[in-house]
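2 protein chains.
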Amino acid sequence: MENQGKKPVEVCFSPVVFDRFFDPEAIVVVTDILRASSAICTALAYGVKDIIPVPDLEKAKWYKEQGYIVAAERDGHVLDFADFGNSPYYFMEEWLSGKTIAYSTTNGTNAIQMAGEAHQAVVGSFLNLTATCDYLKEQNRKVIVLCAGWKTRFSLEDAVHAGAIVELLLKDGFETNCDSANAALDLWEKAKSDLYPYILKAAQKKRLAKLGLDDVIEYCHTPDQSNVVAVFDPTTNKITDVNNK
Amino acid sequence: MENQGKKPVEVCFSPVVFDRFFDPEAIVVVTDILRASSAICTALAYGVKDIIPVPDLEKAKWYKEQGYIVAAERDGHVLDFADFGNSPYYFMEEWLSGKTIAYSTTNGTNAIQMAGEAHQAVVGSFLNLTATCDYLKEQNRKVIVLCAGWKTRFSLEDAVHAGAIVELLLKDGFETNCDSANAALDLWEKAKSDLYPYILKAAQKKRLAKLGLDDVIEYCHTPDQSNVVAVFDPTTNKITDVNNK
C-alpha cells in the first residue's frame with residue numbers, strides 16, 4: 023500500500039489527539055526533547071543495553087523490586103524508590119553500560135507505549151536526528167511524529183524537533199498535506215539558525231529552571247551527537263539501538 | 023485576581039485539550055476561520071440579529087421544525103433539512119436582516135458551546151480582528167484562544183489567526199508563557215506579510231477546493247472588514263454583536 027511514490031509524514035502535537043492520526047501501517051517517532059527522548063538516546067549512545075518504558079509508578083516500583091535499575095520522575099522530581107531521574111547526564115555513567123534500565127516519566131513513556139500500537143515505534147531526539155531520519159527513509163513507510171508535550175499540552179521544543187524531522191524527510195522521498203507538519207516545519211525554519219536562544223522561551227525550560235534542572239537544555243538541542251536509532255519493540259517491551267547492534 | 027499587571031493570553035490548538043487550559047475566570051475566543059467563525063461574524067456585520075450555535079443535528083432539525091432559519095453542514099455538505107450551509111456568502115443576504123439563525127457545523131459550534139463554560143465566550147475571525155482585540159483589552163481578563171481545528175486536529179488557519187490575536191494583545195497589556203501562543207505568534211509573523219498565499223497550503227483549503235467551496239478563502243483571511251464583537255451568551259444560547267447594539 024505504501025510502496026509507491028512519496029510517503030506521507032504527519033505531526034501530532036499531543037498524545038490525546040493521536041487517535042485522529044493513528045495508522046497501524048505507520049512508523050511513529052516519539053519526541054519528548056526535555057527530557058525523556060533525549061535521555062533514552064543518550065543512554066543507548068553511552069552503552070546502555072536496553073530501556074523498558076514504564077508508564078505507571080506502581081509498575082516502576084515492581085521493576086525495582088525485581089532488581090532492575092530504575093529511573094523515574096514526575097514533574098521533574100526524582101521518585102524516592104528510583105536510582106535516578108530524568109536528566110540525560112545520569113544516563114552517561116559507566117556503571118550503566120550493558121545494563122537494562124526501567125524508565126518512567128511524566129509525559130514521554132506513555133507516548134512510547136501508545137506509539138507501540140503502530141507498525142513500529144522509534145524514539146527520536148536532536149542528538150541522533152540524522153541517523154533517525156536516515157533510518158526512516160530506509161523503511162519506506164508513512165511516518166507520524168508524536169510529540170509527547172507537557173501533560174497533553176503543546177510543547178515548543180517537541181514541535182521544533184518534529185519540524186527538523188519533517189525538513190529532512192521532505193528532502194528525500196516524503197511529502198505532507200498535514201497542517202501540523204507544515205506548522206512544525208515553519209517553526210523549525212524560524213528556530214534552526216539559532217536553536218538554543220529560540221528555545222529559551224519554552225515553558226518547559228522555565229519549569230526546569232525553577233527546579234535547577236535546566237543545565238541540559240543546550241545539550242538536548244545539539245543535533246547529531248550519535249548515530250543511535252532507538253526502536254521500541256512492544257513484544258519485548260524494550261527500546262534498543264538497532265543501528266549499532 | 024486578574025486585576026493587576028499584565029494579563030495572560032494562551033492558545034489552545036484543539037478542543038480535546040481544552041480541559042488543560044480551562045479557567046472559569048477567562049474570556050475564551052473561539053476561532054474556526056474556514057468557515058464557522060467567519061460566517062458568524064459576517065452574519066452579524068450584515069444585520070443578522072443573533073445566532074444560536076447548535077452542536078448536534080437532531081437539535082438543528084428541532085429548530086427547523088420550530089420555524090427557525092437553519093444553517094447546517096457536516097464535512098462541507100449542506101444538510102437536506104437546512105436552509106443553507108456554511109459559506110459566509112450565504113449570511114450576507116438581505117432577507118436575513120434582523121433574523122435569528124440556528125447554526126450547526128462540523129467543528130466550530132461545538133467549540134463555542136465549550137467556550138460558554140468560561141467567564142465569557144467570543145467568536146473571533148480575521149474579518150473583525152482589531153474590534154475583537156480592542157474588546158478583549160477592555161475586559162482586563164485572561165484570554166484563551168480556542169482553535170476549533172478539524173475534527174480535533176490542528177488547523178493552520180486557526181493557529182495563524184490565534185497568532186494575530188496574540189500579537190495585538192502582547193502589544194497592549196498582555197503577556198504569555200504559553201508554548202502554543204508563542205508558536206501561533208511565530209506562524210502569524212511568517213504568514214502575515216502574504217497571508218493568502220501562505221494559507222493555500224492548509225489542508226482545509228484543499229478539502230474545500232475538492233467540494234468547490236474554496237471561493238471564500240481569501241475573504242475569510244481579509245482583516246478588519248467590520249467592527250463586530252460576537253459574544254456568546256450561554257444563558258440565552260445566542261451570539262450577538264455587543265459592539266453595535
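Protein chains in written order, with the numbering used here: chain X, 23 to 267; chain R, 23 to 267. Every residue, glycine too, gets a C-beta built ideally from N, C-alpha and C. Only a predicted model underlies this, so the values are computations on that prediction, with no experimental measurement involved.
query                                                                                                                                                         : result
Can you tell me whether Tyr68 of chain R is helix, strand or coil according to DSSP?                                                                          : coil
According to the neighbour-count rule (16 or more other Cβ atoms, all chains shown, within 10 Å of its Cβ), is Phe103 of chain R buried or exposed?           : exposed
Against Leu209 of chain R, what residues of chain X qualify as contacts under a CB-to-CB distance less than 8 Å, listed in chain order?                       : Ala205, Asp208 and Leu209
For a contact defined as C-beta to C-beta under 7 Å, what are the partners of Lys223 of chain X on chain R?                                                   : Asn204
Given a threshold of 16 other Cβ atoms within 10 Å of its Cβ, counted over all protein chains shown, does Ala170 of chain X qualify as buried or as exposed?  : buried
From Ala213 of chain X to Thr131 of chain R, what does the alpha carbon distance come to, in whole angstroms?                                                 : 35 Å
Output, in chain order, the set of chain R residues within a Cβ distance shorter than 8 Å of Glu42 of chain X.                                                : The sequence shown places Arg at residue 42 of chain X, rather than the Glu named in the question. Correct list: Lys173, Thr174 and Arg175.
Rounded to whole angstroms, what's the CA-CA distance from Asp72 of chain R to Trp172 of chain R? Just pull it up for me.                                     : 25 Å
Relative to the alpha-carbon of Gln88 of chain R, which residue among R:Tyr112, R:Ser109, R:Gly98 and R:Thr122 has its alpha-carbon at the smallest distance? : R:Thr122
When burial is assigned at 16 or more other CB atoms within 10 Å of the CB, is Ser202 of chain X buried or exposed?                                           : buried
Provide the residue span of the beta strand (DSSP E) that contains Gly146 of chain R, from first to last.                                                     : Gln142 to Gly146
Leu178 of chain X touches chain R at which residues, Cβ-Cβ below 7 Å?                                                                                         : Asp201, Asn204 and Ala205
The alpha helix (DSSP H) spanning Val31 of chain X covers which residue range?                                                                                : Counting along the chain, Val31 of chain X falls outside any alpha helix (DSSP H), though it belongs to the beta strand (DSSP E) covering Lys29 to Cys34.
Below 7 Å on C-beta distance, what does Phe35 of chain X contact in chain R?                                                                                  : Phe35 and Phe176
Measure the alpha-carbon distance for Val70 of chain R versus Asn108 of chain X and round it to whole angstroms.                                              : 56 Å
Closer than 8 Å, CB to CB, is Lys29 of chain X near chain R or not?                                                                                           : no
Check whether the Cβ of Met23 of chain X lies closer than 8 Å to any Cβ atom in chain R.                                                                      : Caution is warranted here: a pLDDT of 46 is assigned to Met23 of chain X, below 50, making its placement in the model unreliable, and no coordinate value can be reported.
Applying a beta-carbon distance threshold of less than 7 Å, which residues of chain X neighbour Lys228 of chain R?                                            : Asn199
By DSSP, does Glu24 of chain X sit in helix, in strand, or in coil?                                                                                           : Low per-residue confidence applies at Glu24 of chain X: pLDDT is 46, beneath 50, and the placement is therefore not dependable enough to give any value.
As a quick exercise: from R:Thr258, R:Leu209 and R:Lys159, pick the residue whose alpha carbon is nearest that of Gly138 of chain R.                          : R:Thr258
Does the pairing of the region 133-152 of chain R with the region 241-258 of chain R give three or more beta-carbon distances under 8 Å?                      : yes
Use the C-beta contact count for Thr154 of chain X: other C-beta atoms within 10 angstroms, 16 or more gives buried, fewer gives exposed.                     : buried
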